[in-house]
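Take 1 as the starting number for the sequence shown in my numbering and just add one per residue.
Backbone N, C-alpha and C fix where the C-beta goes; we use that ideal spot for every residue, glycine too.
First comes the structure, then the notes that go with it.
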Amino acid sequence: MLALTWGASFLFIKVGLEGLSPSQVVLGRMLAGATVLLVLTAVTRRRLPRDPVVGGHLAVVSVLLCVLPFSLFAWAELHVSSGLASIYNATTPLMTLLIASVALPEERPNRSKLAGLVMGFTGVLVVLGPWSGFSGGEGPAQAACLLATLSYGLAFVYIRRFISPRGLPALPVATVQVCLGATITLLLAPFTATAPVHLSWPVVLSVAALGVASTGLAYLWNTNIVAAWGATNASTVTYLTPVAGVTLGIAVLGEAISWNEPVGATIVIAGIALSQGRVPSRRRPGPPPRPTNDAAHSADQTEPARLARVNGTRERGR
């Protein structure tokens with residue numbers, strides 16, 4: 001459900017752009033997401049963090065994790081398909097690893113991580129398909145998708161360094177973060193969201209789904225999965241999100257797909273798996289292990305050995 005929801009967000013963006021500008025889609029998404037998270041926080045009676053320092057950090061995270069990447073993806077989908085945007089979204093772990101290797105000394109990459117990075121970015125080049133050229137704004141749009149995932153990577157490293165050590169509950173942190181993002185987009189709206197609005201039921205429902213499901217409920221689902229399975233296992237949603245995004249784009253919007261897109265996505269996912277240590281290494285077989293004391297003890301428990309031991313004890317007793 002989490003992969004389907006996050007994969008569908010690119011479909012929702014594409015439909016929302018039929019009646020709204022990119023900035024208006026982001027504004028509607030942030031307002032709907034903030035409303036849902038505020039309701040959930042009130043129902044669960046969780047207290048919001050009030051430390052101004054925490055608020056400042058969360059404002060930075062809000063820009064890097066919500067406002068900027070949401071805006072870049074929304075603008076990019078004016079020129080590229082929703083499926084292609086979802087494929088580029090799968091590069092987020094690679095961007096995070098790249099930034100963490102520089103900003104976090106304790107997370108310096110080993111050989112497998114470096115090999116995964118090289119493989120992953122090779123996959124990105126395959127997805128780009130520079131041999132076929134770019135038409136219209138396709139090149140800048142694909143660059144915008146990569147800038148969006150770079151922003152995600154910066155946000156995750158920033159959270160690791162300044163937010164996670166404080167041990168704050170996930171729901172209040174998410175609520176403040178999304179509410180700050182909604183406030184920022186609302187303040188920018190008079191300058192960025194002035195295009196004519198053409199509302200229809202598909203447009204309204206798509207933007208509502210972006211906020212309620214992809215920005216609100218999906219965050220809670222992800223938090224629960226991390227708590228139940230651990231962060232490493234939960235990160236495998238990255239493998240499924242582009243599958244959902246591409247499938248929905250083809251099935252619902254009739255989008256076309258080039259051979260290099262799924263091939264490149266497969267290489268990207270393989271690079272992520274390698275960088276996370278999910279590809280088992282092949283080791284040369286060594287010499288057979290020598291018998292241990294336990295093995296010798298087990299061999300000594302055969303029936304002839306037991307009888308000999310008993311008879312020997314009787315002889316010594318006489």
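Can you check whether the CB of residue j is closer than 8 Å to the CB of residue i?
{"i": "Ala195", "j": "Gln24", "result": "yes"}
{"i": "Gly264", "j": "Gly123", "result": "yes"}
{"i": "Gly271", "j": "Met95", "result": "no"}
{"i": "Ser21", "j": "Gly245", "result": "no"}
{"i": "Thr185", "j": "Val67", "result": "yes"}
{"i": "Leu274", "j": "Ser112", "result": "yes"}
{"i": "Val197", "j": "Gly33", "result": "no"}
{"i": "Leu104", "j": "Arg29", "result": "no"}
{"i": "Ala189", "j": "Leu27", "result": "yes"}
{"i": "Phe10", "j": "Ala85", "result": "yes"}
{"i": "Val36", "j": "Gly211", "result": "yes"}
{"i": "Ala213", "j": "Thr5", "result": "yes"}
{"i": "Leu180", "j": "Ser62", "result": "yes"}
{"i": "Ile163", "j": "His57", "result": "yes"}
{"i": "Gly55", "j": "Val176", "result": "yes"}
{"i": "Ala3", "j": "Val268", "result": "no"}
{"i": "Thr149", "j": "Tyr88", "result": "yes"}
{"i": "Gly139", "j": "Ser258", "result": "no"}
{"i": "Tyr158", "j": "Thr92", "result": "no"}
Over the uninterrupted alpha helix (DSSP H) stretch that includes residue i, give me the two end residues.
{"i": "Ile250", "result": "Val237 to Leu253"}
{"i": "Cys179", "result": "Ala170 to Thr192"}
{"i": "Gln24", "result": "Pro22 to Thr44"}
{"i": "Trp259", "result": "Element bounds for Trp259: n/a, residue is neither H nor E."}
{"i": "His57", "result": "Pro52 to Ser62"}
{"i": "Leu15", "result": "According to the sequence as given, residue 15 is Val; it is not Leu. Start and end: Leu2 to Gly16."}
{"i": "Ala208", "result": "Trp201 to Ala209"}
{"i": "Val213", "result": "Going by the sequence as given, residue 213 is Ala instead of Val. First-last for Ala213: undefined, no H or E at that position."}
{"i": "Ser71", "result": "Leu68 to Ala76"}
My guess is that residue i and residue j are in contact by the Cβ rule of under 8 Å, so how many angstroms apart are they, rounded?
{"i": "Phe322", "j": "Ser206", "result": "Any answer about residue 322 is impossible in this case: the structure gives the chain only from 1 up to 318."}
{"i": "Thr241", "j": "Ala90", "result": "6 Å"}
{"i": "Leu248", "j": "Gly7", "result": "6 Å"}
{"i": "Leu64", "j": "Leu154", "result": "5 Å"}
{"i": "Gly16", "j": "Val203", "result": "6 Å"}
{"i": "Glu261", "j": "Val43", "result": "Not confirmed; about 42 Å, so no contact."}
{"i": "Leu31", "j": "Ala182", "result": "5 Å"}
### Message
Tell me whether the segment 34–54 and the segment 153–170 touch, counting them as touching only if at least three CB pairs, one residue from each stretch, are closer than 8 Å.
### Response
The answer is yes - the segment 153–170 touches the segment 34–54, with three or more Cβ pairs under 8 Å.
### Task
Tell me the start and end of each unbroken alpha helix (DSSP H) in the segment 90–142 that is at least 4 residues and wholly inside, in chain order.
Qualifying alpha helix (DSSP H) stretches, in chain order: 92–103 and 111–128.
#### Entry: Given 8 Å, three or more beta-carbon pairs between the segment 144–151 and the segment 72–87
By the Cβ criterion, the segment 144–151 is in contact with the segment 72–87, since at least three pairs of Cβ atoms, one from each stretch, lie closer than 8 Å.
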